[in-house]
Amino acid sequence: NSAALQAAGVREDEPDPAGGEFQRDATGALTGVLFERAHENVTSAAPAPDLEEMVAAILRAGERMASLGITCASDMMTGRWDLEKELQAYNLAAQRGMATRTRLYIQWATLFSRRALVAGRRDELIAAMDPDLCAVKGAKIFADGAIGSATAAVYRPYKTTGGTGQLIYNPERLHEMVTVAAEAGWSVAVHAIGDYATDLVLDAFAATPDPAKHRLEHAMIVSDAQIERTVGMGVHVTVQPEFLHRFGRSYKAQLADDIFPELKPLARWVRAGARLSLNTDRPIVPGNLWIGIETAANRPEGFNPAENIDRDTAFAMATTGGADANNDPGEGVLAEGKWADFVAYEGEPSSATKRVTVMGGRVTWQHPG
Numbered sequence: 203n204s205a206a207l208q209a210a211g212v213r214e215d216e217p218d219p220a221g222g223e224f225q226r227d228a229t230g231a232l233t234g235v236l237f238e239r240a241h242e243n244v245t246s247a248a249p250a251p252d253l254e255e256m257v258a259a260i261l262r263a264g265e266r267m268a269s270l271g272i273t274c275a276s277d278m279m280t281g282r283w284d285l286e287k288e289l290q291a292y293n294l295a296a297q298r299g300m301a302t303r304t305r306l307y308i309q310w311a312t313l314f315s316r317r318a319l320v321a322g323r324r325d326e327l328i329a330a331m332d333p334d335l336c337a338v339k340g341a342k343i344f345a346d347g348a349i350g351s352a353t354a355a356v357y358r359p360y361k362t363t364g365g366t367g368q369l370i371y372n373p374e375r376l377h378e379m380v381t382v383a384a385e386a387g388w389s390v391a392v393h394a395i396g397d398y399a400t401d402l403v404l405d406a407f408a409a410t411p412d413p414a415k416h417r418l419e420h421a422m423i424v425s426d427a428q429i430e431r432t433v434g435m436g437v438h439v440t441v442q443p444e445f446l447h448r449f450g451r452s453y454k455a456q457l458a459d460d461i462f463p464e465l466k467p468l469a470r471w472v473r474a475g476a477r478l479s480l481n482t483d484r485p486i487v488p489g490n491l492w493i494g495i496e497t498a499a500n501r502p503e504g505f506n507p508a509e510n511i512d513r514d515t516a517f518a519m520a521t522t523g524g525a526d527a528n529n530d531p532g533e534g535v536l537a538e539g540k541w542a543d544f545v546a547y548e549g550e551p552s553s554a555t556k557r558v559t560v561m562g563g564r565v566t567w568q569h570p571g
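Its first residue numbered 203, the sequence shown is counted upward by one per residue in the numbering used here.
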C-alpha cells in the first residue's frame with residue numbers, strides 16, 4: 203500500500219479530503235486504508251484500461267453473470283474511468299453478443315462537473331446503443347459510507363469509534379447535486395446506508411419535481427417514519443439481504459443494540475407498499491441472488507426475524523422489482539410481447555447446479571453437464 207500511495211503522490215502529511223479519511227496508526231503514519239472519498243486520490247492515478255480491455259471485461263462479466271442465472275444487471279459506476287470510452291465499450295460489447303442486459307448509471311461528477319463529457323457527444327453515444335441490450339438509466343451519487351467501516355452516516359454512535367459516520371457531501375451540496383441532475387431530466391440513484399444520510403436524501407428527493415423518478419440505494423437503517431415518507435413520495439428502494447449473510451458479524455460489532463430492530467427492514471417495507479427491488483451489490487458480495495432470496499426469508503440469528511418475508515415476494519423483488527428499478531416497465535415476467543429472459547433449472551433453483559440461462563431468446567449459458 204505504501205508503494206501505491208507514493209505512486210499516487212499521497213504524502214505522509216496529506217490532509218484528509220472532504221468526505222474521506224486516510225487511516226493512520228498510533229504514530230500518525232499512513233496505514234494504506236482509505237475511507238470513502240480518500241480512495242479517489244489513489245484510484246484517479248491508476249492507469250485507465252484501453253477500449254478493447256474494457257470491451258473484453260464487459261463480455262467476461264456478462265458471461266459470469268449468465269452462469270449465475272442473471273439476465274440483466276446494472277453498472278452503478280459508469281464514468282469512473284472515461285465516460286466516452288466506456289459508452290463506446292458497452293456499445294461494442296452489445297454488438298459482439300454480450301450475455302447480460304446492462305443498465306448504466308453515470309457518476310454525477312462525470313455528468314455535471316468541469317470534467318464532464320460534452321453533452322452533445324454523450325447523447326450521441328447513448329443514442330447509438332441498442333436500448334434493449336444496453337441503456338443509460340440515471341445518475342449515481344454517494345451520500346455516505348458503510349456500516350463495516352463505521353462510515354455510514356447515522357444518528358446513534360458506533361460502538362467501535364464513538365463517531366456517527368461520514369457524509370460524502372455536506373447536506374447543502376448533496377441537495378444541490380440532486381437538484382441539478384433532476385432539473386436536467388435525470389433519474390437519480392443515491393447510496394444512503396445510515397438513517398441520517400437517508401433523511402438527507404429524502405429531503406433532496408422531496409424538492410424535485412417528481413420524487414418517484416428516483417432510487418434510494420440500500421436504506422439499511424430506517425425508522426417507520428422514514429418508510430412512510432419514502433412510500434408517500436413513491437421513491438424506489440433497492441435492498442441487498444445478502445449483506446446480512448456476509449457481513450452480519452461486522453454489523454453486530456459496530457452498531458448499538460437498539461439499532462437492530464431497524465436494520466435492513468424488509469417486512470416493514472412490504473407492509474407499507476414500497477416499490478422494492480432485491481439485488482446483490484456485486485462485487486461487494488459474490489452475487490448469488492438465491493442467497494439473497496433465502497436470507498430475505500430466513501434472516502441470520504440475531505437479526506429481527508419479524509422482518510422476514512416469504513420467498514415468492516423476495517423472488518418478485520428480484521425480477522419484476524428489478525425491472526421497475528431500472529424503468530423497464532412490464533419486464534421481469536414471462537409473457538407474450540416481453541423479453542424472453544429466463545433461467546431453467548433441474549431441481550430446486552436455490553440448490554440446483556444444472557441450468558440454462560436465456561436472454562432475449564438466446565442461450566447465453568448452459569451447464570457443461
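Backbone N, C-alpha and C define an ideal beta-carbon position, used for all residues, glycine too.
Can you name the residues that DSSP bridges to residue i?
i: serine 276; result: Arg305
i: serine 479; result: Thr440
i: arginine 564; result: Met561
i: glycine 375; result: Correcting the residue type first, residue 375 is arginine in the shown sequence and not glycine. Per DSSP, none; premise fails for arginine 375.
i: phenylalanine 237; result: Glu223
i: leucine 232; result: Arg226
i: isoleucine 423; result: Leu465
i: leucine 446; result: Answer by DSSP bridge pairing: none, since leucine 446 is not bridged.
i: tyrosine 369; result: For the sequence presented, residue 369 should be read as leucine rather than tyrosine. Partner(s): Asp346.
Please confirm whether residue i and residue j have their CB atoms less than 8 Å apart.
i: threonine 410; j: threonine 381; result: yes
i: proline 413; j: valine 441; result: no
i: alanine 268; j: tryptophan 567; result: yes
i: leucine 465; j: isoleucine 495; result: no
i: arginine 501; j: proline 507; result: yes
i: methionine 561; j: threonine 304; result: no
i: histidine 420; j: isoleucine 461; result: no
i: glutamine 456; j: alanine 352; result: yes
i: glycine 365; j: proline 359; result: yes
i: glycine 393; j: phenylalanine 407; result: Just to set this straight, residue 393 is histidine in the shown sequence, not glycine. No, the pair does not count as a contact, with Cβ atoms beyond the cut-off.
i: threonine 280; j: isoleucine 308; result: yes
i: asparagine 574; j: serine 276; result: Outside the shown range of the chain (203 to 571) lies residue 574, about which nothing can therefore be said.
i: arginine 575; j: aspartate 526; result: Given that the chain is displayed from residue 203 to residue 571, the structure contains no residue 575 and the question cannot be resolved.
i: arginine 448; j: valine 390; result: no
i: leucine 253; j: glutamine 290; result: yes
i: glycine 450; j: phenylalanine 505; result: yes
i: threonine 482; j: glutamate 509; result: no
i: threonine 515; j: leucine 446; result: no
i: valine 235; j: glutamine 225; result: yes
i: glycine 475; j: valine 439; result: no
i: glutamate 255; j: phenylalanine 237; result: no
Would you give the residue range spanned by the beta strand (DSSP E) that residue i belongs to?
i: threonine 559; result: 557-561
i: tyrosine 547; result: 544-547
i: histidine 393; result: 390-394
i: leucine 418; result: 417-420
Taking the straight line between their C-alpha atoms, what separation do you get for residue i and residue j?
i: alanine 198; j: glycine 387; result: The structure shown does not extend to residue 198, since the chain is modelled only from 203 through 571, so no value can be given for it.
i: arginine 298; j: glutamate 265; result: 12 Å
i: alanine 458; j: glutamine 368; result: 17 Å
i: glutamate 533; j: serine 204; result: 48 Å
i: glycine 230; j: glycine 221; result: 20 Å
i: phenylalanine 314; j: tyrosine 292; result: 21 Å
i: arginine 431; j: arginine 473; result: 14 Å
i: aspartate 332; j: alanine 301; result: 14 Å
i: glycine 539; j: glycine 271; result: 22 Å
i: glutamate 550; j: alanine 427; result: 38 Å
i: leucine 536; j: valine 558; result: 16 Å
i: proline 531; j: leucine 306; result: 16 Å
i: alanine 499; j: leucine 480; result: 12 Å
i: methionine 278; j: tyrosine 357; result: 27 Å
i: alanine 321; j: isoleucine 429; result: 36 Å
Between which two residues does the alpha helix (DSSP H) containing residue i stretch?
i: lysine 342; result: It is not in any alpha helix (DSSP H) - lysine 342 instead sits in the beta strand (DSSP E) that spans 336-344.
i: tryptophan 310; result: 310-314
i: aspartate 526; result: 522-527
i: isoleucine 493; result: 491-499
i: valine 257; result: 253-269
i: leucine 294; result: 285-297
i: alanine 329; result: 321-329
i: threonine 400; result: 397-408
At a cut-off of 7 Å, is residue i close to the ligand FMN when judged by its beta-carbon and the heavy atoms of the ligand?
i: valine 356; result: The ligand FMN is absent from the structure shown, which contains no ligand whatsoever.
Does the count of Cβ pairs from the segment 329-345 and the segment 371-380 closer than 8 Å reach three? yes
Are the segment 346-365 and the segment 390-408 in contact at 8 Å, needing three or more beta carbon pairs? Yes, since at least three Cβ pairs between the segment 346-365 and the segment 390-408 fall closer than 8 Å, the two stretches touch.
Would you call the segment 279-294 and the segment 544-562 in contact, with 3 or more CB pairs under 8 Å? no
Decide yes or no for the touch test of the segment 290-297 against the segment 321-340: beta carbon pairs closer than 8 Å, at least 3 of them. yes
Quick check: the segment 320-334 against the segment 213-230, are at least 3 beta-carbon pairs closer than 8 Å? no
Specify whether the segment 520-534 and the segment 466-475 touch according to this definition: at least 3 beta carbon pairs, one from each stretch, less than 8 Å apart. no
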